[in-house]
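Asker:
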Amino acid sequence: MKAKDIIKRVLLLEIIQGMALTLKTMFTKAVTRQYPEEPRAAMPGFRGLHALSKDEEGVMKCVGCGLCAAVCPSQCIKIFTAQGLNHEKVVERYEIDTLKCLFCAYCVEACPYGAIALTEHYEYSDYSKESFYMDKDKLLENWDKYMSGDKGNEYFKRFWKPMSIDFNTSEEQAVFKGWDNNK
Ligand code: SF4
Ligand code: SF4
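Residues 1 to 183, numbered by my numbering, are exactly what the sequence shown covers, in order.
Quick look at the structure:
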C-alpha cells in the first residue's frame with residue numbers, strides 16, 4: 001500500500017468527503033414529487049398509450065397495409081381487412097394488446113401515413129386485463145382524447161414525419177386512379 005493511501009485511511013478522508021457532500025445537500029429543496037397529488041407535466045414525444053390518427057375531416061388515416069403489425073417485435077398488433085363496396089380495402093378491426101407492448105414506437109416509425117401514434121397519456125392502470133386490450137374504437141377515441149387539434153400535428157411534425165411525405169413517382173409511372181379510366 002502506498003503512503004498516500006495509508007494517510008487517506010488513517011485520516012478517514014473519504015468518509016469526511018462523503019459526510020461533507022451529505023451536509024451540502026441536506027438543506028436544499030427536495031426533488032421528490034408527491035405523485036399522484038403532484039402529477040408530472042405533459043411530456044411531448046413521450047411513448048404512452050396508443051391512438052389511431054384521424055385526418056382533418058375526422059376520418060381514420062389507417063389504410064390497413066399491415067406494416068406496423070409486421071414490424072412490431074412483440075406481435076401485439078392485429079389487423080383485419082375486408083373489401084369495400086368499391087373494391088377498396090376496409091379496416092374492419094385494428095387491435096393492440098398493450099400489455100405485450102414494449103413502447104418501442106417501431107409501429108409509429110414504420111407507418112407511411114402517420115396513422116398510429118403513441119400519446120403522452122400514461123395513467124391507465126386498471127384491475128382487468130380486458131381494459132388494456134385496445135380495439136379500433138378505443139384507439140380512435142384515444143386520438144380525440146389525447147392528440148386532437150395541434151397536438152397531433154405537432155407530434156408528427158416534431159417527432160415522427162410520415163414517410164408518405166417523401167413518396168414520389170417518376171413521370172412515366174402508371175398511377176392507379178380508380179375504375180373509371182376517364183378520371
Ligand atoms: S410500440 Fe413497439 S411493441 Fe408496441 S405496438 Fe408498436 S411496434 Fe409493437
Ligand atoms: S402501418 Fe399505418 S396505415 Fe399501415 S396498417 Fe399500420 S397504422 Fe395502418
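Glycine residues also receive a C-beta, built at the ideal position from the N, C-alpha and C atoms.
Using 10 angstroms around the beta-carbon of I7, count the other beta-carbons present and answer buried if the total reaches 16, otherwise exposed.
Answerer: Classification for I7: exposed.
Asker: Which residues end up in the neighbourhood of ligand 2 when you take C-beta atoms closer than 6 angstroms to any of its heavy atoms?
Answerer: Taken from the N-terminal end onward, the list reads C62, V63, G64, C65, G66, L67, C68, I79, A110, C111, Y113, A115 and I116.
Asker: How would you write the range of the alpha helix (DSSP H) that Y55 sits in, first residue to last?
Answerer: Looking at the sequence itself, residue 55 is Asp, so the reference to Tyr does not match. Neither: D55 is in no alpha helix (DSSP H) and is coded neither H nor E.
Asker: Do F103 and G48 have their CB atoms nearer than 9 angstroms?
Answerer: Contact: yes.
Asker: Considering only residues of the same chain and omitting the five flanking positions on each side of Y124, which have a CB-CB separation below 7 angstroms?
Answerer: L49.
Asker: Whole angstroms is fine: what's the gap from L200's alpha carbon to T28's?
Answerer: Nothing in the structure corresponds to residue 200, since the chain is present only between 1 and 183.
Asker: First and last residue of the alpha helix (DSSP H) that includes E95?
Answerer: Element bounds for E95: not the alpha helix (DSSP H) but the beta strand (DSSP E), K89 to D97.
Asker: Output yes or no for whether 9 angstroms exceeds the beta carbon distance between L52 and A117.
Answerer: Against a cut-off of 9 angstroms, the Cβ pair of A117 and L52 comes out as a contact.
Asker: Assuming contact is defined by CB atoms lying nearer than 9 angstroms, are C62 and A115 in contact in what I supplied?
Answerer: Yes. Within cutoff.
Asker: With a threshold of 8 angstroms (Cβ to nearest heavy atom), would S74 be considered close to ligand 1?
Answerer: At least one heavy atom of ligand 1 is nearer than 8 angstroms to the Cβ of S74, so yes.
Asker: Would you list the residues sitting across from L118 in a DSSP beta bridge?
Answerer: For L118, which the question treats as bridged, DSSP gives the partners H50.
Asker: Determine the burial state of L67: buried for a count of at least 16 other Cβ atoms within 10 Å of its Cβ, exposed for fewer.
Answerer: Buried: at least 16 other Cβ atoms inside 10 Å.
Asker: Taking 9 angstroms as the cut-off, decide whether the C-beta atoms of V91 and K136 are in contact.
Answerer: In this structure, K136 lies closer than 9 angstroms to V91 by Cβ.
Asker: Considering just the uninterrupted stretch of the alpha helix (DSSP H) at I16, what are its terminal residues?
Answerer: First-last of the alpha helix (DSSP H) with I16: L13 to M26.
Asker: Tell me whether N181 sits in a helix, a strand or coil according to DSSP, three-state version.
Answerer: With a pLDDT of only 44 at N181, under 50, the local geometry of the prediction cannot be trusted, and the value read off the model is given with reservation. N181 falls in the coil class under three-state DSSP.
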